[in-house]
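J.: So that we are looking at the same thing, I have put the structure below in C-alpha cells.
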C-alpha cells in the first residue's frame, strides 16, 4: 500500500491565561473611548478574495439535470444572475480564522459528543465472558411508546450452522428472525453451544431465531444462526428501570448502515426521516459466501428505532433488570470520555455574555442552552438565550470578473468521524496494541486514556491542506467533468454533480465594524487576510484559507487582499472631528503585541496549515488499497481502503496484533506527513488443547461495509 498524505491535519489548542482570556465586551450602549481611555473605532473594510483552486458551494439546490448549483444573485450593474458568496459563508470563514489566530472558544463544538464503535469479536455477547456479564437473547411481546415493555428472556442461547438449519427446515426461506423451532440434545452445561447436526433441529416452538447481517464476516468459513430457548416467565421493562438503556440502543441503531440507507431513501423520496420505523418488521435477505457464489442464509429484520412485537434482541441483565440492549452478538458500543473532557476547559464555548473570549467579544455569542444561574425559575432560565450581539456586519462576496464554470462529479464524502483516534486524539501509543479483550487504542475510553491527566485530548483545530497546484491533486487527475456514475463505490449512486468556479474568481467582500479598539480592529484585519501576520517558510508560498465544500479533494483554497480601510471615531463620525490616522499596519501591530503568548506559540503550526501546497499535492488523499498512482487516474484508483482504519486501530485479536497508527503531527516536516502503512503481526497459534470461547465460530474478517472519511 503506497503511502498517502491524509487530507487534513490539526493545529494544537493553545494554552491561554484563564484569568485574562475572558473579559467583558465593549457593549452597544455607547460609542467612543472605553472606560480605560482606549479609543474605539467604527468603519468598513473592503477585501478581495481570490480562489486559487476550483470553488464549489453547495446550497442544497439542484438544476433540472440534478447538478448542485452555485449560489447566484442579480447584478446591480446589468441584472444578470452572477455567482456570489453569501455573507453568512464569509462570516463563518472569517470567524473560524479569527478563532485560530486569537485562540477563541470552540463555538461550533458538541461538548457532550462521544463516538461509538464496532465491537471486537472477542467481546461478543455470545462468549463465555458475555454470558458472565449477563447477556442473553430476549423476544419482545409488548411495546409502549416505541420501547419494549414486556419481553420473554431466553434461558439459553445456541448457535446453529446455517446449512444444517436449512436442511432441517427444508428451505432457507424459512430461516427468519423471530420464527420458532425446536432444538434437541443440547446440554445447558455444554461449554460449546453449537449445533451442526440437522437431526437436532425440527419445526416447532420453544426456540426463537435471530439472523444477523453477514457483511462483517469473513467470506470463508461457516455462518451460524443464533437461537434462544424461550423462558416461561414474562419480564416487564419499565422506562424507570433504566431510562437511558433504550436511548443508548436507538443511538447505536442510528449510526448503523440500515439507518444510513433509510435516511438516504427518505432524502431521495422527500419523505420524513422516520420512514420505515412504524408497522411490521422489514425483512432483509442475508447472503453469505465467496464473491459471486453467495447463498441465501435467511432473513434478518432491518434495524429501526422503535420496538415491535416479535423483535428479537440481545439484552444484558443486572439484578433482574435489563440495563442494555443490542442488535446482534457483535454489534456496537459507545466510547467514554465526552469531547468536552478532551479540550482545555478555557476553550469551551462562552456561556456568560459578561465574560467573553476574544472572538466572541467581536463576533458575538449565543448560549442557546442557557444553563440556569442566579435566582428564579430554573426552567425559565434554561429557556433563555444569554446572547451578545457582535460588532460586525458581513455583506455578500460579489464576483467582479468573469470566471469559467465547470461541472464535476464528486465522490461520496461522509461526515467527519472524530471517533477515529488514530487522527483526532493526541498521538500516544504509536506502534502499540491493546491487550486481548481490551478496547482498541484508537477508541475514546481505551487504556491510553488512563495514562496521564485524564482522557486523551483532542488534537486541536482541524484544517484541510490547501493547494494552488490543484491539477496535481488526485481528484483533479480524474476526468470528473465527463464521468458517469459507476455502479458501486465512491463514485457510484451516492456520488453527485456540482458546479464549480474555476480558479481566478475575485470576490469583493465588505465588512462593516463598530466600536472596536485598535487591538480588536487588528484582529479583524488579520482574520480577513492571515498573510498580514503569518509568513510562509518559503518566500514564494501563499497564505490562504478554505471556502466552500469538497475541501478534502483540494477545492476552495483562497487567498485574500485588503483593498480599503475606513476608520472613524464617534467624534469624527457624528461630531465633525477629523478622521483618525489609523493604518492597517498600526492595527495589526497592536494586535500582534496583544496576542496571548500561548496563542503566539501555535502560529508557526497555523502557518503550516494555511500555506498553500505546504505538502506535496500529488499524494493528498484518503487511504486507498494501492496508494495513489502517478499520472491520470481512473475512479477505481481512488476507491477507499476500508481495511486501513481497521488494521491501524491498535488492538489484539485472537490471531494477530494490529498496532496503532497515528496521524503525523503538523510540526513534522512536509516530507514526513505520509501515513504509515499498517503492520499486522501474527500471533503464535494456540496449542490444540487451548480452546476458544464459544461464539458460534464466527470471526470478523475484512468487513464489506464501512465508510472511508475519518
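In the UniProt record's numbering, the protein residues as written are 1 to 710.
Glycine is no exception: its CB is placed at the ideal position from the N, C-alpha and C atoms.
1) Please report the straight-line C-alpha distance between residue 618 and residue 472, rounded to a whole angstrom.
2) Pick out whichever of 527, 255 and 331 has its Cα sitting closest to the Cα of residue 122.
3) Just list the beta strand (DSSP E) runs in the stretch 395-448, keeping only unbroken ones of 3 residues or longer that don't cross its boundaries, in chain order.
4) Does the beta-carbon distance from residue 12 to residue 500 come in below 7 Å?
5) I need the straight-line Cα distance from residue 714 to residue 436, nearest angstrom please.
6) Suppose you measure from the CA of residue 679 to the CA of residue 658; what does that come to, to the nearest Å?
7) Measuring straight from C-alpha to C-alpha, what distance separates residue 508 and residue 401?
8) To which residues does DSSP link residue 32 through a beta bridge?
9) Whole angstroms are fine: how far does the CA of residue 242 sit from the CA of residue 91?
10) Unbroken beta strand (DSSP E) runs of length 3 or more, entirely within the stretch 540-623: which are they?
11) What separation, rounded to the nearest whole angstrom, lies between the Cα atoms of residue 644 and residue 306?
12) Please indicate yes or no: does the CB of residue 159 lie closer than 6 Å to some heavy atom of the ligand NAD?
13) Return the CA-CA distance between residue 9 and residue 623, expressed in angstroms with no decimal places.
14) With C-beta atoms as the reference, is residue 429 less than 7 Å away from residue 261?
15) Within a Cβ cutoff of 7 Å, which residues of the same chain sit near residue 106, ignoring the five residues on either side of it in sequence?
16) Checking 7 Å against the spacing of the C-beta atoms, do residue 549 and residue 58 come in under that value?
17) Do you know offhand how far residue 70's Cα is from residue 559's?
18) Would you mind stating whether residue 139 and residue 253 have Cβ atoms separated by less than 7 Å?
19) Among residues of its own chain, excluding the 5 on either side of residue 568, which ones have a beta-carbon nearer than 8 Å to its beta-carbon?
20) Less than 7 Å between the C-beta atoms of residue 518 and residue 526, yes or no?
21) Less than 8 Å between C-beta atoms, sequence neighbours within five positions excluded: which residues of the same chain meet that for residue 672?
22) Rounded to whole angstroms, what is the Cα-Cα separation between residue 602 and residue 265?
23) In whole angstroms, what separates the C-alpha of residue 630 from that of residue 474?
24) Please tell me whether residue 542 and residue 612 are closer than 7 Å, where the distance is taken between their beta carbons.
25) At what residues does the beta strand (DSSP E) containing residue 159 begin and finish?
26) Starting from residue 360, trace the alpha helix (DSSP H) both ways and give me its first and last residue.
27) By DSSP's criteria, residue 42 is part of a beta bridge. Which residues make up the other side?
28) Please report how far the alpha carbon of residue 711 lies from the alpha carbon of residue 236, in whole angstroms.
29) Distance, Cα to Cα, residue 114 vs residue 419?
30) Looking at the unbroken alpha helix (DSSP H) that takes in residue 643, where does it start and where does it end?
31) Could you pull out every residue in the same chain whose Cβ sits closer than 8 Å to the Cβ of residue 367, ignoring the five residues on either side in sequence?
32) Beta-carbon of residue 654 versus every beta-carbon of chain D: anything under 7 Å?
33) If you draw a straight line from the C-alpha of residue 38 to the C-alpha of residue 425, how long is it?
34) Residue 184: which of 226, 206, 173 and 99 sits nearest, CA to CA?
35) Tell me, which residues are paired with residue 200 by DSSP?
36) State the beta-bridge partners of residue 712 as determined by DSSP.
T.: Reading off the structure:
1) Residue 618 and residue 472 have their C-alpha atoms spaced approximately 5 Å apart.
2) Considering only alpha carbons, the answer is 331.
3) Note on the stretch 395-448: whole beta strand (DSSP E) runs with a minimum of 3 residues are 397-399 and 405-410, in chain order.
4) Going by C-beta atoms, residue 12 is not nearer than 7 Å to residue 500.
5) Given a span of 1 to 710 for the chain in the structure shown, any question on residue 714 remains unanswerable.
6) Computed Cα separation, rounded: 7 Å.
7) Cα to Cα, residue 508 sits roughly 10 Å from residue 401.
8) Note: residue 32 sits in no beta bridge, so no partner.
9) About 44 Å.
10) If we require 3 residues or more, the beta strand (DSSP E) runs fully inside the stretch 540-623 come out as 557-568.
11) Going by the C-alpha atoms only, they are around 34 Å apart.
12) Judged by which ligands are present, the structure shown has none, so any question about the ligand NAD falls away.
13) In this structure, the alpha-carbon of residue 9 lies about 14 Å from that of residue 623.
14) No, the Cβ-Cβ distance between residue 429 and residue 261 is not below 7 Å.
15) The answer, listed in chain order, is 343, 347, 348 and 349.
16) Remark: C-beta atoms of residue 549 and residue 58 approach each other more closely than 7 Å.
17) Cα to Cα, the separation comes out at about 20 Å.
18) For residue 139 and residue 253, no; Cβs fall outside 7 Å.
19) Counting only residues of its own chain and dropping the five nearest sequence neighbours on each side, residue 568 has a CB closer than 8 Å to the CB of 41, 42, 43, 579 and 580.
20) In this structure, residue 526 does not lie closer than 7 Å to residue 518 by Cβ.
21) Excluding positions up to five away in sequence, the list reads 664.
22) About 44 Å.
23) Their Cα atoms are separated by approximately 9 Å.
24) Contact flag set, yes.
25) The continuous beta strand (DSSP E) containing residue 159 extends over residues 147-161.
26) That run of the alpha helix (DSSP H) goes 358-363.
27) As a beta-bridge residue in DSSP terms, residue 42 pairs with 568.
28) What the structure shows of the chain is the stretch from 1 to 710, and residue 711 is not part of that stretch, so it cannot be assessed.
29) CA-CA distance, residue 114 to residue 419, rounds to 8 Å.
30) Element bounds for residue 643: 642-647.
31) Result list for residue 367: 349, 350, 351, 352, 353, 385, 386 and 387, in chain order.
32) Here there is only one protein chain, and chain D is not present.
33) Their backbone Cα atoms lie some 42 Å apart in a straight line.
34) Closest by alpha carbon: 206.
35) Note: residue 200 sits in no beta bridge, so no partner.
36) The structure shown does not extend to residue 712, since the chain spans only 1 to 710, so no value can be given for it.
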